[in-house]
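Asker: Please read through the structure below; I'll follow up with questions.
In mature numbering (1 follows the signal peptide of the UniProt record, and there is no 0), the protein residues as written are -27 to -1, 1 to 319.
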(Lines of atoms letter the chains of each structure in order from A and count residues from 1; the text may use other names and numbers.)
(Lines give C-alpha, C1' and ligand atoms only; values in the text may rest on other atoms or scores of the structure.)
Protein backbone atom coordinates (compact mmCIF):
# COMPACT_ATOMS: atom_id res chain seq x y z
CA UNK A 1 0.00 0.00 0.00
CA UNK A 2 2.87 2.38 0.77
CA UNK A 3 4.36 1.77 -2.69
CA UNK A 4 1.03 2.40 -4.38
CA UNK A 5 0.50 5.57 -2.38
CA UNK A 6 3.95 6.91 -3.25
CA UNK A 7 3.37 6.17 -6.93
CA UNK A 8 0.04 7.94 -6.66
CA UNK A 9 1.66 11.00 -5.12
CA UNK A 10 4.42 11.08 -7.75
CA UNK A 11 1.81 11.03 -10.50
CA UNK A 12 -0.04 13.93 -8.91
CA UNK A 13 3.11 16.00 -8.65
CA UNK A 14 2.95 16.03 -12.46
CA UNK A 15 -0.82 16.28 -12.77
CA UNK A 16 -0.98 19.33 -10.52
CA UNK A 17 0.24 21.43 -13.42
CA UNK A 18 -2.58 20.24 -15.65
CA UNK A 19 -5.60 21.61 -13.85
CA UNK A 20 -5.71 24.97 -15.59
CA UNK A 21 -4.77 28.22 -13.87
CA UNK A 22 -4.53 26.78 -10.39
CA UNK A 23 -1.46 28.74 -9.38
CA UNK A 24 0.52 25.58 -8.73
CA UNK A 25 3.96 26.57 -7.47
CA UNK A 26 7.12 24.89 -8.77
CA UNK A 27 10.72 25.41 -7.61
CA UNK A 28 12.33 28.37 -9.36
CA UNK A 29 15.11 26.19 -10.75
CA UNK A 30 12.72 23.59 -12.19
CA UNK A 31 11.05 23.70 -15.57
CA UNK A 32 7.28 23.94 -15.59
CA UNK A 33 5.73 20.49 -16.07
CA UNK A 34 4.47 20.05 -19.64
CA UNK A 35 0.76 19.89 -20.40
CA UNK A 36 -0.60 16.37 -20.58
CA UNK A 37 -2.16 17.02 -24.01
CA UNK A 38 -0.81 19.34 -26.70
CA UNK A 39 -2.06 20.34 -30.14
CA UNK A 40 -0.69 22.92 -32.53
CA UNK A 41 -4.03 22.91 -34.35
CA UNK A 42 -6.52 22.84 -31.46
CA UNK A 43 -4.88 24.10 -28.25
CA UNK A 44 -8.23 24.66 -26.52
CA UNK A 45 -9.15 21.01 -27.08
CA UNK A 46 -5.78 19.92 -25.70
CA UNK A 47 -6.25 22.03 -22.58
CA UNK A 48 -9.75 20.67 -22.00
CA UNK A 49 -8.64 17.07 -22.45
CA UNK A 50 -5.72 17.63 -20.08
CA UNK A 51 -8.17 18.73 -17.41
CA UNK A 52 -10.61 15.89 -18.10
CA UNK A 53 -7.94 13.17 -17.99
CA UNK A 54 -6.49 14.63 -14.80
CA UNK A 55 -9.96 14.72 -13.24
CA UNK A 56 -10.52 11.07 -14.20
CA UNK A 57 -7.34 10.07 -12.35
CA UNK A 58 -7.92 12.23 -9.29
CA UNK A 59 -8.18 10.14 -6.15
CA UNK A 60 -7.30 6.89 -7.91
CA UNK A 61 -4.59 4.68 -6.42
CA UNK A 62 -2.12 2.72 -8.52
CA UNK A 63 0.32 3.70 -11.25
CA UNK A 64 -1.14 4.74 -14.60
CA UNK A 65 0.41 5.74 -17.92
CA UNK A 66 -1.49 7.39 -20.76
CA UNK A 67 -0.58 7.90 -24.42
CA UNK A 68 -2.99 9.28 -27.04
CA UNK A 69 -2.46 10.37 -30.65
CA UNK A 70 -5.06 11.93 -32.96
CA UNK A 71 -3.11 12.66 -36.18
CA UNK A 72 -5.94 14.54 -37.87
CA UNK A 73 -6.10 17.01 -35.00
CA UNK A 74 -2.36 17.24 -34.41
CA UNK A 75 -2.99 16.17 -30.82
CA UNK A 76 -0.88 14.06 -28.51
CA UNK A 77 -1.32 13.22 -24.84
CA UNK A 78 1.26 11.64 -22.58
CA UNK A 79 1.47 10.89 -18.88
CA UNK A 80 4.25 8.61 -17.63
CA UNK A 81 4.35 7.22 -21.15
CA UNK A 82 7.96 6.02 -20.89
CA UNK A 83 7.38 3.99 -17.71
CA UNK A 84 7.99 0.26 -18.20
CA UNK A 85 5.33 -2.36 -17.44
CA UNK A 86 5.01 -6.11 -17.87
CA UNK A 87 3.01 -6.41 -21.09
CA UNK A 88 0.77 -9.35 -20.17
CA UNK A 89 -1.56 -10.11 -23.09
CA UNK A 90 -1.05 -6.87 -25.02
CA UNK A 91 2.23 -8.48 -26.19
CA UNK A 92 0.02 -10.50 -28.53
CA UNK A 93 -0.29 -7.46 -30.80
CA UNK A 94 3.48 -7.57 -31.33
CA UNK A 95 3.30 -11.30 -32.10
CA UNK A 96 0.51 -10.71 -34.62
CA UNK A 97 2.43 -7.91 -36.32
CA UNK A 98 5.52 -10.12 -36.62
CA UNK A 99 3.56 -13.04 -38.11
CA UNK A 100 1.81 -10.80 -40.64
CA UNK A 101 5.09 -9.11 -41.56
CA UNK A 102 6.80 -12.44 -42.16
CA UNK A 103 4.00 -13.60 -44.44
CA UNK A 104 4.23 -10.34 -46.38
CA UNK A 105 7.99 -10.73 -46.82
CA UNK A 106 7.45 -14.23 -48.18
CA UNK A 107 4.89 -12.93 -50.66
CA UNK A 108 2.01 -14.97 -49.27
CA UNK A 109 -1.04 -14.73 -47.08
CA UNK A 110 -0.86 -16.17 -43.55
CA UNK A 111 -1.19 -19.94 -43.57
CA UNK A 112 -4.44 -21.45 -42.32
CA UNK A 113 -2.74 -22.47 -39.06
CA UNK A 114 -1.23 -18.99 -38.58
CA UNK A 115 -4.62 -17.39 -39.22
CA UNK A 116 -6.35 -19.73 -36.77
CA UNK A 117 -3.79 -19.07 -34.05
CA UNK A 118 -3.85 -15.30 -34.55
CA UNK A 119 -7.64 -15.24 -34.34
CA UNK A 120 -7.66 -17.27 -31.13
CA UNK A 121 -4.81 -15.19 -29.67
CA UNK A 122 -6.41 -11.80 -30.35
CA UNK A 123 -10.17 -12.37 -30.15
CA UNK A 124 -10.16 -14.78 -27.17
CA UNK A 125 -6.68 -14.06 -25.76
CA UNK A 126 -5.70 -17.73 -26.18
CA UNK A 127 -2.27 -18.22 -24.61
CA UNK A 128 -1.40 -21.56 -26.22
CA UNK A 129 -1.88 -20.02 -29.65
CA UNK A 130 0.29 -17.06 -28.63
CA UNK A 131 3.08 -19.30 -27.34
CA UNK A 132 3.05 -21.42 -30.51
CA UNK A 133 3.38 -18.32 -32.70
CA UNK A 134 6.01 -16.75 -30.40
CA UNK A 135 8.21 -19.83 -30.52
CA UNK A 136 8.07 -19.80 -34.31
CA UNK A 137 9.49 -16.27 -34.44
CA UNK A 138 13.13 -15.36 -33.95
CA UNK A 139 14.07 -12.68 -31.46
CA UNK A 140 15.82 -10.87 -34.29
CA UNK A 141 12.54 -10.64 -36.20
CA UNK A 142 10.59 -9.50 -33.15
CA UNK A 143 13.18 -6.84 -32.35
CA UNK A 144 13.12 -5.68 -35.96
CA UNK A 145 9.34 -5.28 -35.78
CA UNK A 146 9.77 -3.15 -32.67
CA UNK A 147 12.49 -1.07 -34.29
CA UNK A 148 10.51 -0.50 -37.49
CA UNK A 149 7.47 0.57 -35.47
CA UNK A 150 9.55 3.02 -33.44
CA UNK A 151 9.07 1.14 -30.16
CA UNK A 152 12.43 2.04 -28.68
CA UNK A 153 12.12 0.97 -25.05
CA UNK A 154 10.33 -2.37 -25.26
CA UNK A 155 12.35 -5.39 -24.06
CA UNK A 156 11.28 -8.87 -25.13
CA UNK A 157 10.41 -11.42 -22.49
CA UNK A 158 12.94 -14.22 -22.16
CA UNK A 159 12.44 -17.79 -23.33
CA UNK A 160 8.73 -18.57 -23.72
CA UNK A 161 7.61 -15.77 -21.39
CA UNK A 162 6.21 -13.35 -23.95
CA UNK A 163 3.90 -11.96 -21.26
CA UNK A 164 6.95 -10.59 -19.43
CA UNK A 165 7.89 -8.39 -22.37
CA UNK A 166 8.50 -4.96 -20.84
CA UNK A 167 6.88 -2.06 -22.65
CA UNK A 168 5.70 1.54 -22.35
CA UNK A 169 2.52 3.38 -23.31
CA UNK A 170 4.49 5.37 -25.88
CA UNK A 171 5.80 2.18 -27.50
CA UNK A 172 2.32 0.70 -27.56
CA UNK A 173 1.08 3.79 -29.37
CA UNK A 174 3.82 3.26 -31.97
CA UNK A 175 2.83 -0.40 -32.34
CA UNK A 176 -0.82 0.58 -32.81
CA UNK A 177 0.20 2.96 -35.60
CA UNK A 178 2.00 0.08 -37.32
CA UNK A 179 -0.83 -2.46 -37.03
CA UNK A 180 -3.44 0.10 -38.11
CA UNK A 181 -2.02 -0.18 -41.62
CA UNK A 182 -2.91 -3.89 -41.76
CA UNK A 183 -6.50 -4.79 -42.57
CA UNK A 184 -6.08 -8.30 -41.09
CA UNK A 185 -4.89 -6.85 -37.77
CA UNK A 186 -7.75 -4.36 -37.56
CA UNK A 187 -10.28 -7.07 -38.37
CA UNK A 188 -9.04 -9.31 -35.56
CA UNK A 189 -8.84 -6.50 -33.00
CA UNK A 190 -12.39 -5.57 -33.94
CA UNK A 191 -13.68 -9.06 -33.05
CA UNK A 192 -12.56 -9.29 -29.40
CA UNK A 193 -15.17 -11.19 -27.38
CA UNK A 194 -17.51 -8.98 -25.34
CA UNK A 195 -16.21 -10.23 -21.98
CA UNK A 196 -12.76 -8.86 -22.87
CA UNK A 197 -13.90 -5.66 -24.61
CA UNK A 198 -13.53 -3.33 -21.64
CA UNK A 199 -11.12 -0.44 -21.12
CA UNK A 200 -10.58 1.78 -24.17
CA UNK A 201 -14.12 1.07 -25.42
CA UNK A 202 -15.69 2.95 -22.48
CA UNK A 203 -17.25 6.21 -23.62
CA UNK A 204 -16.95 5.48 -27.34
CA UNK A 205 -19.93 6.83 -29.31
CA UNK A 206 -21.83 4.72 -31.80
CA UNK A 207 -20.06 6.44 -34.69
CA UNK A 208 -16.72 5.02 -33.57
CA UNK A 209 -15.46 1.44 -33.81
CA UNK A 210 -12.69 0.59 -31.32
CA UNK A 211 -10.20 -2.14 -32.30
CA UNK A 212 -8.51 -3.26 -29.11
CA UNK A 213 -6.42 -5.69 -27.09
CA UNK A 214 -6.31 -5.88 -23.31
CA UNK A 215 -4.04 -7.44 -20.70
CA UNK A 216 -4.80 -8.29 -17.07
CA UNK A 217 -2.24 -10.02 -14.89
CA UNK A 218 -1.66 -10.15 -11.11
CA UNK A 219 1.81 -10.86 -9.74
CA UNK A 220 3.50 -10.82 -6.35
CA UNK A 221 4.94 -7.35 -7.00
CA UNK A 222 2.94 -4.39 -8.35
CA UNK A 223 -0.39 -6.13 -7.83
CA UNK A 224 -2.67 -6.23 -10.86
CA UNK A 225 -1.36 -5.10 -14.22
CA UNK A 226 -4.38 -3.85 -16.16
CA UNK A 227 -3.75 -2.59 -19.71
CA UNK A 228 -5.98 -1.54 -22.59
CA UNK A 229 -4.82 -0.37 -26.02
CA UNK A 230 -6.95 0.50 -29.03
CA UNK A 231 -7.49 2.18 -32.37
CA UNK A 232 -10.67 4.24 -32.76
CA UNK A 233 -11.94 4.65 -36.31
CA UNK A 234 -15.09 6.30 -37.59
CA UNK A 235 -17.57 3.50 -38.33
CA UNK A 236 -14.60 1.09 -38.50
CA UNK A 237 -13.98 2.03 -42.14
CA UNK A 238 -10.17 2.29 -42.00
CA UNK A 239 -7.44 4.85 -41.62
CA UNK A 240 -9.05 7.26 -44.10
CA UNK A 241 -11.91 7.85 -41.67
CA UNK A 242 -12.48 11.37 -40.37
CA UNK A 243 -12.12 10.06 -36.82
CA UNK A 244 -8.83 8.26 -36.35
CA UNK A 245 -7.07 8.17 -33.02
CA UNK A 246 -5.12 5.72 -30.92
CA UNK A 247 -4.86 5.33 -27.16
CA UNK A 248 -2.69 3.19 -24.89
CA UNK A 249 -3.56 2.96 -21.20
CA UNK A 250 -1.22 0.92 -18.97
CA UNK A 251 -1.32 0.44 -15.21
CA UNK A 252 -0.08 -1.61 -12.30
CA UNK A 253 -0.26 -1.44 -8.48
CA UNK A 254 -4.02 -2.01 -8.77
CA UNK A 255 -5.57 -3.78 -5.74
CA UNK A 256 -8.01 -5.68 -7.98
CA UNK A 257 -8.68 -6.11 -11.68
CA UNK A 258 -12.02 -4.37 -11.30
CA UNK A 259 -10.34 -1.33 -9.75
CA UNK A 260 -7.82 -1.09 -12.58
CA UNK A 261 -10.50 -1.42 -15.27
CA UNK A 262 -12.52 1.36 -13.65
CA UNK A 263 -9.48 3.65 -13.59
CA UNK A 264 -8.65 3.07 -17.25
CA UNK A 265 -12.26 3.46 -18.33
CA UNK A 266 -12.45 6.85 -16.65
CA UNK A 267 -9.52 8.00 -18.79
CA UNK A 268 -10.97 6.40 -21.94
CA UNK A 269 -14.29 8.17 -21.44
CA UNK A 270 -12.47 11.52 -21.19
CA UNK A 271 -10.53 10.79 -24.40
CA UNK A 272 -13.61 9.78 -26.41
CA UNK A 273 -15.58 12.75 -25.11
CA UNK A 274 -12.86 15.10 -26.25
CA UNK A 275 -12.09 13.55 -29.64
CA UNK A 276 -15.43 12.07 -30.73
CA UNK A 277 -17.46 14.86 -29.17
CA UNK A 278 -20.75 13.04 -28.85
CA UNK A 279 -22.77 11.15 -26.29
CA UNK A 280 -21.22 7.84 -25.31
CA UNK A 281 -22.92 4.72 -26.64
CA UNK A 282 -21.10 2.61 -24.08
CA UNK A 283 -20.47 3.49 -20.44
CA UNK A 284 -18.41 1.77 -17.76
CA UNK A 285 -18.19 -2.01 -17.74
CA UNK A 286 -20.44 -3.40 -14.96
CA UNK A 287 -18.44 -4.82 -12.09
CA UNK A 288 -20.07 -8.24 -12.33
CA UNK A 289 -18.55 -8.66 -15.81
CA UNK A 290 -14.98 -8.35 -14.47
CA UNK A 291 -13.77 -11.86 -13.72
CA UNK A 292 -10.83 -11.14 -11.35
CA UNK A 293 -9.12 -14.05 -13.11
CA UNK A 294 -5.67 -13.59 -14.65
CA UNK A 295 -5.27 -13.56 -18.42
CA UNK A 296 -2.72 -16.36 -17.88
CA UNK A 297 -0.07 -14.63 -19.97
CA UNK A 298 2.57 -15.49 -17.36
CA UNK A 299 2.36 -18.89 -15.61
CA UNK A 300 2.28 -18.76 -11.83
CA UNK A 301 5.74 -19.23 -10.38
CA UNK A 302 7.46 -17.85 -13.48
CA UNK A 303 10.70 -15.93 -12.84
CA UNK A 304 10.93 -12.16 -13.14
CA UNK A 305 11.26 -10.25 -16.40
CA UNK A 306 14.96 -11.08 -16.71
CA UNK A 307 16.42 -14.58 -17.15
CA UNK A 308 17.47 -16.23 -13.89
CA UNK A 309 21.16 -16.49 -13.10
CA UNK A 310 22.72 -19.86 -13.95
CA UNK A 311 22.63 -22.39 -11.13
CA UNK A 312 26.40 -22.88 -11.44
CA UNK A 313 28.35 -19.75 -12.44
CA UNK A 314 31.13 -20.24 -15.00
CA UNK A 315 34.35 -21.61 -13.53
CA UNK A 316 37.07 -19.00 -13.39
CA UNK A 317 39.95 -21.46 -13.20
CA UNK A 318 39.37 -24.36 -15.56
CA UNK A 319 36.35 -26.40 -16.44
CA UNK A 320 36.28 -29.25 -13.94
CA UNK A 321 34.06 -28.84 -10.87
CA UNK A 322 37.02 -29.28 -8.53
CA UNK A 323 39.33 -26.85 -10.29
CA UNK A 324 41.05 -24.31 -8.04
CA UNK A 325 43.15 -21.26 -8.87
CA UNK A 326 46.89 -21.98 -9.14
CA UNK A 327 48.86 -20.97 -6.06
CA UNK A 328 51.36 -18.15 -6.38
CA UNK A 329 55.01 -18.49 -5.50
CA UNK A 330 56.65 -16.35 -2.83
CA UNK A 331 58.30 -14.25 -5.60
CA UNK A 332 54.87 -13.72 -7.22
CA UNK A 333 53.47 -12.57 -3.93
CA UNK A 334 56.37 -10.13 -3.40
CA UNK A 335 55.84 -8.64 -6.87
CA UNK A 336 52.08 -8.34 -6.56
CA UNK A 337 50.99 -4.77 -5.83
CA UNK A 338 49.42 -4.17 -2.48
CA UNK A 339 45.77 -3.46 -2.37
CA UNK A 340 44.91 -0.21 -0.63
CA UNK A 341 43.11 -0.68 2.64
CA UNK A 342 39.46 0.11 2.39
CA UNK A 343 38.28 2.84 4.70
CA UNK A 344 35.19 2.21 6.77
CA UNK A 345 32.09 3.83 5.32
CA UNK A 346 30.87 6.89 7.09
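Ideal placement from N, C-alpha and C gives every residue a C-beta, glycine not left out.
Predicted, not measured: the structure shown is a model, and the values here were computed from it.
#1: When the Cα of residue 91 is compared with those of 65, 81 and 125, which residue comes out closest?
#2: Please confirm if the region 156 to 175 is in contact with the region 260 to 273, defined as three or more CB-CB distances below 8 Å between the two stretches.
#3: Tell me which residue opens and which closes the alpha helix (DSSP H) that residue 25 is part of.
#4: On the criterion of 16 or more Cβ atoms from any shown chain inside 10 Å, does residue 111 qualify as buried, or is it exposed?
#5: Should residue 276 go down as buried or exposed, given a rule of 16 or more other Cβ atoms within 10 Å for buried?
#6: Where residue 195 and residue 81 are concerned, what is the direct C-alpha to C-alpha distance, given to the nearest angstrom?
#7: Leaving out the 5 sequence neighbours to the left and right, which residues in its chain are closer than 8 Å to residue 255 when beta-carbon positions are compared?
#8: Report yes if the C-beta distance between residue 119 and residue 68 is below 8 Å; otherwise report no.
#9: Would a C-beta distance cut-off of 8 Å place residue 11 and residue 141 closer than the cut-off?
#10: Hey, could you find the ends of the alpha helix (DSSP H) residue 156 is sitting in?
#11: With the cut-off set at 8 Å, would you say residue 233 and residue 220 are in Cβ contact?
#12: To the nearest angstrom, report how far apart residue 43 and residue 228 are at their CA atoms.
#13: Output the boundary residues of the alpha helix (DSSP H) element that contains residue 114.
#14: In chain order, what residues of the same chain lie with their CB nearer than 7 Å to the CB of residue 100, ignoring the 5 residues before and after it?
#15: Measure the alpha-carbon distance for residue 243 versus residue 45 and round it to whole angstroms.
#16: If you reduce the DSSP assignment to three classes, tell me which class residue 187 lands in.
#17: Does residue 179 have its Cβ less than 8 Å from a Cβ in chain C?
#18: Please state whether DSSP places residue 42 in a helix, a strand or coil.
Answerer: Short version:
#1: 65
#2: yes
#3: 16 to 30
#4: exposed
#5: exposed
#6: 42 Å
#7: 174, 175, 176 and 177
#8: no
#9: no
#10: 156 to 162
#11: no
#12: 31 Å
#13: 112 to 122
#14: 269 and 270
#15: 18 Å
#16: strand
#17: In the displayed structure, chain C is absent; only one protein chain is listed.
#18: strand
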